[in-house]
Amino acid sequence: MVVDGSNSVLPLSEAVAAAFAERHGGGRVALRSSGTGGGFRRLCDGETDIATASRPMSARERARCRERGVRHVALPVARDGVTVVAHSRNALVACLGLGELRRLWAPGSEVSTWRALRPGLPAQAVRLYAPGSDSGTFDFFTRVVVGRAKASRADYDPSADHETIARGVAGTPWAMGYMGYAHYAANRHALRALQVDTGAGCVAPSPKSFADGSYSPLVRELHLYVAEDALRRPAVGRFAGFFVDASPRLAPEAGYAALSAAQYVRSRALLAEATRAAERGSS
Amino acid sequence: MLSADRLSVRFGSKTALADVSLDVPAQKIVSVIGRSACGKTTLLRAFNRTNEMIAGARTTGTARFHGTDLYGRTVDPVEVRRRIGMIFQRATPFPKSVFDNIAFGPRAGGFAGDLHELAEEVLTSAGLWADVAGDLDAPALALSAGQQQQLCIARTLAVRPDVLLMDEPTASLDPAATARIESLVHSLKATYTVVIATHDLSQAARLSDMTAFLDAGELVEYSPTATLFTNPRTRQAEEYVTGRTS
Amino acid sequence: MVARTVTRPLFLEGTGGPGARADRVARRVFLACAALTGGTAAVVLGVLAVGAAQFFAEAPAGGFFAGTTWAPFAEEPRFGVWPLVAATSRITIGAILVAAPLGLLSAVYLQHYAGRRTGAVVAAAVAALASVPTVVFGYVALNAATPLLRLVWPGAEAFNGASATLVVGLMIAPTVAFLGREALAAVPPAYFHAGMALGASRGRVVALVVAPAAARGIAAAVLLAMARAVGETMIVTMAAGSHAGLAWSPLEGVRTLTAFVAQTSLGDIAPDGPDFRAVAAVAALLFVVTYAMHAAGRALLARRPAGSAHP
Ligand SMILES: Nc1ncnc2c1ncn2[C@@H]1O[C@H](COP(=O)(O)OP(=O)(O)OP(=O)(O)O)[C@@H](O)[C@H]1O
Ligand SMILES: [Mg+2]
Chain A
0 MVVDGSNSVL PLSEAVAAAF AERHGGGRVA LRSSGTGGGF RRLCDGETDI ATASRPMSAR
60 ERARCRERGV RHVALPVARD GVTVVAHSRN ALVACLGLGE LRRLWAPGSE VSTWRALRPG
120 LPAQAVRLYA PGSDSGTFDF FTRVVVGRAK ASRADYDPSA DHETIARGVA GTPWAMGYMG
180 YAHYAANRHA LRALQVDTGA GCVAPSPKSF ADGSYSPLVR ELHLYVAEDA LRRPAVGRFA
240 GFFVDASPRL APEAGYAALS AAQYVRSRAL LAEATRAAER GSS
Chain B
0 MLSADRLSVR FGSKTALADV SLDVPAQKIV SVIGRSACGK TTLLRAFNRT NEMIAGARTT
60 GTARFHGTDL YGRTVDPVEV RRRIGMIFQR ATPFPKSVFD NIAFGPRAGG FAGDLHELAE
120 EVLTSAGLWA DVAGDLDAPA LALSAGQQQQ LCIARTLAVR PDVLLMDEPT ASLDPAATAR
180 IESLVHSLKA TYTVVIATHD LSQAARLSDM TAFLDAGELV EYSPTATLFT NPRTRQAEEY
240 VTGRTS
Chain C
0 MVARTVTRPL FLEGTGGPGA RADRVARRVF LACAALTGGT AAVVLGVLAV GAAQFFAEAP
60 AGGFFAGTTW APFAEEPRFG VWPLVAATSR ITIGAILVAA PLGLLSAVYL QHYAGRRTGA
120 VVAAAVAALA SVPTVVFGYV ALNAATPLLR LVWPGAEAFN GASATLVVGL MIAPTVAFLG
180 REALAAVPPA YFHAGMALGA SRGRVVALVV APAAARGIAA AVLLAMARAV GETMIVTMAA
240 GSHAGLAWSP LEGVRTLTAF VAQTSLGDIA PDGPDFRAVA AVAALLFVVT YAMHAAGRAL
300 LARRPAGSAH P
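For the record, the sequence lines run as chains A, B and C. Just so we're aligned, residue 0 is where the first sequence starts under numbering that gives the first Met the number 0, counting upward by one. Just so we're aligned, residue 0 is where the second sequence starts under numbering that gives the first Met the number 0, counting upward by one. Just so we're aligned, residue 0 is where the third sequence starts under numbering that gives the first Met the number 0, counting upward by one.
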């Protein structure tokens, strides 16, 4: 069984796959993280069974999937907030406004020092680390902060792997970047998460602020996209079901906010329906 | 002046020179003769400590120069080679200019004088000056085989050694070039002590004062040249110089 | 009995024998292998060429070679490859500055100084260094070289050119050492002996006679090692970062041609998208450069110095 897609979902997928292996034994689940875009592409090419996603499928991607006759079902599994991080010894900045983030990250931005971002800060260069253009987190962040998906300055260090971003920011004085909260949580000793002022005051990212809506513009739902054809194999359905059932417990442990109970019930219903559709299709 | 006392050289388990003892008088020419592989080259190399550059070579016994043991603990082999120069069977000019070939040795020895003057002097001694005076920057490898050997002699003279070891210096030369080198060797006798290994018995007879006959690494006979060629003390030497083989 | 004269027909008779049949089969197998290798090379080159051609059909070559902004995936993509070329050049030159002295001194030591036993030990150590997988070097660059560097220069970034350069230098040093030693070994020993007999020290003979005589081979060793540095991917991908800027400080991150190809390809690129075409263009450039360096190196090795007729 092959699962590919969002790097932001990876810590959750890993936790679920470990629990699944413990419960059901032997079931080999191969986890990759080519980015949400790459995950969708491979799902629609029939290369993988499940795509994990940190943003919804775009109209273009949906059309491509349809063209290739790959039907799929999207199951929400958790909530995550994009987290802005800085070097751990940067104590001068605690909170950034959305406007400041926009000026910093807009295409062609010439903000190259902290002072240019906010007068009074030192004139140290801001070294930027962020996900590459195949990333759902990149698409989401640019849409929310800059206003258009994929609209971003280009002179930052892109990486498909959030761990690399964490390493870059942690190891470079005066650096900053953004990533999924779970990756921040796994490296919290080496990084400093910044609060974000979305208009109603500075809010720190945390599963609690993701759940109660106070961090809302930077919070997104994470999904599993399961190929309907793959559901004919009972193992795939079992894993997807297990993912949905285990998320309320594992998501908070891995650094996410769980969804409401009702939303998991709905995910279960969607999966059951898709499984029936797959069986109908095969008989 | 130069002497060997029970000098032996082994290459691995093979004995190339066995218990050779002889005295080379100053300002004389000594020739070393014998069949191929009898140890002529090895003996010459033992006198300027160039065997030790060959992996597996082991030298025992003593070689003395003005009474000093050449293999003594405090002796610098580089200094030995400066005092006792060697010319090889095959001319080996470096792939450099004529001038740089001459200058290599003196520069290595920290020569402070005028290198051009020195070059003219030694090239004249070696009989090559007239041929190369026009272009000392010409590549040495462009010279003929005979000229290359003359250059190698000049190059060795430039270090101002006391002794010249010459290993079949005319082996690959035509008769004219051979004659030139021979007259050169003859003229060198006034200032240098010369040890020359050769297969050419008439050359040995013409040039040398003393002749050493080696056989299978052993010194069979060491006599004045006239004696060795006309009235040898040993049967082996007689057979060899008369061309009869047992 | 008359002595049998071997005539030509006797040889021809043998063409149907079992030995000849085995020869023919072997010949076909070898031919098939050669064809497979050649065919693979042709396919790879074809894919690169087509991708690069498509790329240049959309992006003008002038902007590619002269541009100083590399942002292929931005909303308004910019394809100035100069920052990547500059990064590759800097790391290559820096690495050879590390590797050439290290490798050549090892070569000289092995060829002219080491005794039989110590020589074997040193040669084995160099061979061991040569067999270290590059991912291990990458790990060393990231987790040993960079932390050490930051003890000296705390301002060094997490991913930086200096660590990668140093470790790439270590990686290619064995290439310089082995090829350099071959070059020294190809010099007629007579040069060495003649030099020593003129009363020069070993070091002087090696430096002034043997090394110049081996100059071509040494240049080839350096060039081939540099070609390896240009093509080195794992170390720079892991340790040099992905910052396609024109940074001057070696303590900053840089993105090489190879790192761009590797890092972009990790993100699972679509074979028909613009990403692939940019990767193909960079890969084609990389191929042309390394191929030229290899060809130059081989040409140097093919022409032996004059005078090597002497044994
Ligand atoms: N480098 C070496 N390694 C091993 N054995 C050697 C080496 N050089 C010489 N020998 C051996 O030592 C013996 C004496 O060799 P040497 O070269 O002194 O003979 P030679 O009298 O000069 O011969 P030729 O007349 O052919 O020049 C020979 O048996 C030879 O095989
Ligand atoms: Mg000899």
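Every residue, glycine too, gets a C-beta built ideally from N, C-alpha and C. Please read these numbers as outputs of a predicted model, since none were measured by experiment.
- Residues are counted here when their Cβ sits less than 8 Å from a Cβ of chain B; for the region 114-125 of chain C these are 115, given in chain order.
- The continuous beta strand (DSSP E) containing residue 1 of chain A extends over residues 1-4.
- For residue 151 of chain B, the enclosing alpha helix (DSSP H) has its first and last residue at 144-156.
- In terms of Cβ geometry, residue 111 of chain B and residue 145 of chain B do not form a close pair [threshold 7 Å].
- Taking a cut-off of 7 Å from the heavy atoms of ligand 2, the residues with a C-beta inside it are B/39, B/40, B/88, B/166, B/167 and B/196.
- Nearest CB-CB separation between residue 79 of chain C and chain A: not below the 7 Å threshold.
- Contacts between residue 167 of chain A and chain C, judged by CB atoms closer than 8 Å, involve 156, 157, 158, 240 and 252 in chain order.
- The way I'd put it, the region 15-31 of chain A doesn't touch the region 170-183 of chain A; fewer than three beta-carbon pairs between them come closer than 8 Å.
- Secondary structure at residue 13 of chain B: strand, using DSSP grouped into helix, strand and coil.
- By the criterion of a C-beta distance shorter than 7 Å, residue 110 of chain C is surrounded in its chain by 180, 183 and 184, once the five residues flanking it on both sides are discounted.
- With contacts defined by Cβ atoms closer than 7 Å, residue 240 of chain C and residue 156 of chain A form a contacting pair.
- Beta-bridge partners of residue 74 of chain A (DSSP): A/223.
- When only Cα atoms are considered, residue 277 of chain C and residue 163 of chain C end up about 24 Å apart.
- Taking 9 Å as the upper bound on Cβ-Cβ separation, chain C lies near no residue of the region 170-196 of chain B.
- Distances taken from the Cβ of residue 151 of chain B to the heavy atoms of ligand 1 include none shorter than 6 Å.
- Judged by beta-carbon spacing, residue 158 of chain B lies within the 7 Å limit of residue 198 of chain C, meaning their Cβ atoms are closer than that value.
- In the structure shown, residue 163 of chain B falls within a strand segment according to DSSP collapsed to helix, strand and coil.
- For the region 174-201 of chain C, the set of residues with a beta-carbon nearer than 8 Å to any beta-carbon of chain B comprises 187, 189, 190, 191, 192, 193, 194, 195, 196, 197, 198, 199 and 200, in chain order.
- Around the beta carbon of residue 251 of chain C, a 10 Å sphere encloses 16 or more other beta carbons of the protein chains shown; the residue is thus reported as buried.
- A Cβ of chain A is located within less than 7 Å of the beta carbon of residue 72 of chain C.
- Under DSSP, the beta-bridge partners assigned to residue 195 of chain A are A/95 and A/202.
- Taking 7 Å as the CB threshold, residue 212 of chain C lines the interface with chain B.
- The region 180-189 of chain B makes contact with the region 119-135 of chain B, as at least three CB pairs between them are under 8 Å.
- Inter-residue distance for residue 137 of chain B and residue 21 of chain C is about 57 Å (C-alpha atoms, whole angstroms).
- About 23 Å separates the beta carbon of residue 162 of chain B from that of residue 200 of chain B, a gap too long to meet the 8 Å contact definition.
- Rounded to whole angstroms, the separation of the alpha carbons of residue 196 of chain C and residue 70 of chain B is 16 Å.
- Taking C-alpha positions only, residue 14 of chain B is separated from residue 21 of chain B by approximately 18 Å.
- Using a 10 angstroms sphere on the CB of residue 167 of chain B, the tally of other CB atoms reaches 16 or more, which defines it as buried.
- Closer than 6 Å to some heavy atom of ligand 1: that describes the Cβ of residue 15 of chain B.
- Proximity of residue 203 of chain C to chain B, defined by a Cβ-Cβ separation below 7 Å, is satisfied.
- Shown here, residue 182 of chain A sits in a helix according to DSSP, grouped into three states.
- Counted as a single uninterrupted DSSP element, the beta strand (DSSP E) harbouring residue 220 of chain B occupies residues 217-223.
- Within the region 167-196 of chain A, those residues whose Cβ lies closer than 7 Å to any Cβ of chain C are, in chain order, 167, 169, 170, 171 and 172.
- Counted as a single uninterrupted DSSP element, the beta strand (DSSP E) harbouring residue 209 of chain B occupies residues 209-214.
- Per DSSP, residue 216 of chain A lies in no beta strand (DSSP E) segment and is marked neither H nor E.
- Of the candidates C/275, C/25 and C/128, C/275 places its Cα closest to the Cα of residue 54 of chain C.
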